[in-house]
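To start, the structure itself, in structure tokens.
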Amino acid sequence: MNTPHVTIIGAGLGGLTLARVLHLHGIPATVYEAEPAPTARTQGGMLDIHDYNGQLAIEAAGLMDEFRGIVLHGRQAMRILASDGTVLLDKPDDGTGGRPEVQRGDLRRILLDSLPGDTVQWGRKAVGTRSLGDGHHEVTFADGGTITTSLLVGADGAWSRVRPLLSDATPEYTGMSYVETYLFDVDTRHPAAARAVGSGSMAAPATGGKGIQAHREKGETIHTYVVLREPLEWFAAIDFADGAAAAARIAQEFDGWAPELTALITDGDVAPLLRPIFTLPLGHKWERVPGVTLLGDAAHLLTPNGEGANSAMYDGAELGKAIAAHPGDIETALTQYEEAMFPRSVEFGSIGAELHDLDGDDAAAGLIKLFTENGD
Ligand SMILES: Cc1cc2nc3c(=O)[nH]c(=O)nc-3n(C[C@H](O)[C@H](O)[C@H](O)COP(=O)(O)OP(=O)(O)OC[C@H]3O[C@@H](n4cnc5c(N)ncnc54)[C@H](O)[C@@H]3O)c2cc1C
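Residue numbers (full-length UniProt numbering): 1 to 376.
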């Protein structure tokens, strides 16, 4: 028996890694992606790719050389600042860390470039899925089209349309939101903020679980996540369409902080973007349902801890290898994949959990411990 054509919903890092590993094993797959084109949205954000999950996935995808070509050298540097700007930790990137930083968009591009041109169908948003029995499923798209498949993989992120075939779980608001800002040409236009952030990442935690985290991205861009713990209604009262007013309101929460830190909020070159953080319960799992599975955020949406994209890629690689290892026996492949993935998602999802509930000085001390003891 041959391995069936694999239907993947979602061309994020997880879905594309799966498609690539399948391709290396000669197994055909089609990825249906809601976005109209690869360039439809800035893929924003820098990701550190870990040697215990993300890099193993890249290796399985046969893309290590391409990966080395997109690594942003020097970006593993880490600074921890107090709210008054005092530098509590300044750890340079000495090139020995196991977490090279890349732009998410660059990583997605090398995966896309490694696939046959017709693998991804853009502008195909799945709006419904239903079981046809006997391990077969139907997917309906927003354009009215439908497909049927005997091997369906939900790689469609937090709000997966495939997940309901397996589980009733839906993401819940964590009580925490990020507000993202971007500063461009920082060395010339925002030098004080550029010095505060340094050449890699900077974290300035505070009481109440709030704080400011920033990364120096490709070129002279600083991308900031302002972390706030407020109910959704609190954010709804802020008019994010009025960028300057929204930035000023968010900065009020950091009244008295060093100006080079509040500048990361008030001097943004684009309007601040609200990103409420939702999660699935840690340990989310389901009973085996023939012909369908999930990977990445669709399976285990985590509180951001630097593991989500790494985990999604690792899932994609592991699922691809499991399918290739069991030609003609998809159920064994999916069972083995899920049996390993469920405990792994708890393991990766728990990393850094001890930091989530720490406040101010304790959070700073916890971060310093993390970055000095782990050696990376
Ligand atoms: C603010 C923030 C910062 C983060 N920082 C990090 C970090 O530093 N390191 C890290 O490892 N992780 C990080 N994460 C987590 C990481 O972004 C996710 O875990 C990761 O992107 C999950 O990958 P995925 O492929 O499962 O899903 P996604 O990246 O969400 O990809 C899903 C894809 O499916 C498509 N799609 C969605 N719905 C449909 C549909 N109905 N039909 C068709 N296509 C659909 C989407 O357009 C998308 O292309 C962060 C998350 C947040 C919110």
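Ideal Cβ placement from N, Cα and C applies to all residues, glycine included.
Cβ-heavy atom distance, residue i to ligand 1, below 7 Å
i           : result
Pro231      : no
residue 377 : Because the chain in this structure spans residues 1 to 376, residue 377 falls outside the shown range and cannot be described.
Tyr32       : yes
Arg161      : yes
Tyr52       : no
Glu347      : no
Leu13       : yes
Leu47       : yes
Glu338      : no
Glu35       : yes
Asn310      : yes
Tyr225      : yes
Glu344      : Note that residue 344 is Arg in the sequence shown, not Glu. No.
Ile277      : yes
Asp156      : yes
Ala333      : no
Ala19       : no
Ile110      : no
Ala126      : yes
Ile9        : yes
Ala61       : no
Asp297      : yes
Tyr178      : yes
Glu307      : yes
Own chain partners of residue i with C-beta closer than 6 Å, once the 5 adjacent residues on each side are dropped
i           : result
Ala333      : Ala322, Ile323 and His326
Leu228      : Ser177 and Lys210
Val197      : Ala214, Arg216 and Ile222
Trp286      : Leu166 and Ser167
Ile110      : Leu63 and Glu66
Arg249      : Ile238
Ser150      : Pro4, Gly135, His136 and Gly291
Arg124      : Tyr32 and Phe141
residue 377 : Residue 377 cannot be examined here, being either before or after the span of the chain that is shown, 1 to 376.
Ala365      : none
Cut-off 7 Å between Cβ atoms - residues of its own chain near residue i, not counting five sequence neighbours on either side
i      : result
His50  : Gly98, Arg99 and Asn310
Ala263 : His190, Ala192 and Ala193
Lys218 : Leu72 and Gln103
Thr335 : Arg288
Ile158 : Looking at the sequence shown, residue 158 is not Ile but Ala. Pro171, Phe278, Asp297 and Leu301.
Val292 : His137, Leu152, Val162, Leu165 and Leu166
Gly45  : Arg104 and His223
Ala203 : Ile80, Gly211, Gln213 and Leu367
Leu280 : Ala169, Pro171, His300 and Leu301
Cα-Cα separation between residue i and residue j, rounded to whole angstroms
i           : j      : result
Pro304      : Ser131 : 32 Å
Gln213      : Gly74  : 17 Å
Thr181      : Ala241 : 14 Å
Ser160      : Asn53  : 23 Å
Met78       : Phe235 : 30 Å
Ile265      : Thr86  : 18 Å
Leu183      : Ala194 : 9 Å
Gly375      : Gly200 : Annotation note: pLDDT 43 at Gly375 (below 50); position unreliable, no value reported.
Leu56       : Gln252 : 43 Å
Ile8        : Ala37  : 17 Å
Pro116      : Pro343 : 33 Å
Val127      : Glu101 : 34 Å
Gly26       : Val6   : 11 Å
Ser345      : Asp267 : 38 Å
residue 377 : Lys91  : Outside the displayed span of the chain (1 to 376) sits residue 377, for which this structure offers no information.
Thr3        : Gly320 : 11 Å
Gly15       : Gly208 : 36 Å
Asp187      : Glu233 : 37 Å
Gly308      : Ala155 : 13 Å
Glu260      : Ser83  : 10 Å
Thr39       : Leu107 : 13 Å
Arg275      : Val179 : 6 Å
Gly243      : Phe254 : 17 Å
Thr146      : Glu220 : 45 Å
Gly139      : Thr148 : Residue identity differs from the one stated: residue 139 is Val in this sequence, not Gly. Those two C-alpha atoms are separated by around 6 Å.
Glu318      : Gly283 : 18 Å
Asp185      : Asp269 : 10 Å
Glu35       : Ala11  : 9 Å
Contacts around residue i, its chain only, beta-carbon distance under 8 Å, and the 5 residues preceding and following it disregarded
i      : result
Ser114 : Arg20, His23, Ala61, Gly62, Leu63 and Glu66
Ala29  : His5, Val6, Thr7, Ile8, Leu18, Ala19, Leu22, His23 and Thr119
Ile351 : Asn305, Gly306 and Glu307
Gln121 : Thr30, Val31, Tyr32 and Glu33
> What alpha helix (DSSP H) runs, 4 residues minimum, are completely inside the region 182-229?
Replying inline: 186-189 and 191-197
> What are the complete beta strand (DSSP E) segments, minimum 3 residues, inside the region 250-289?
Replying inline: 273-279
> In chain order, which continuous runs of the alpha helix (DSSP H) of length 4 or greater are located wholly inside the region 90-124?
Replying inline: 104-113
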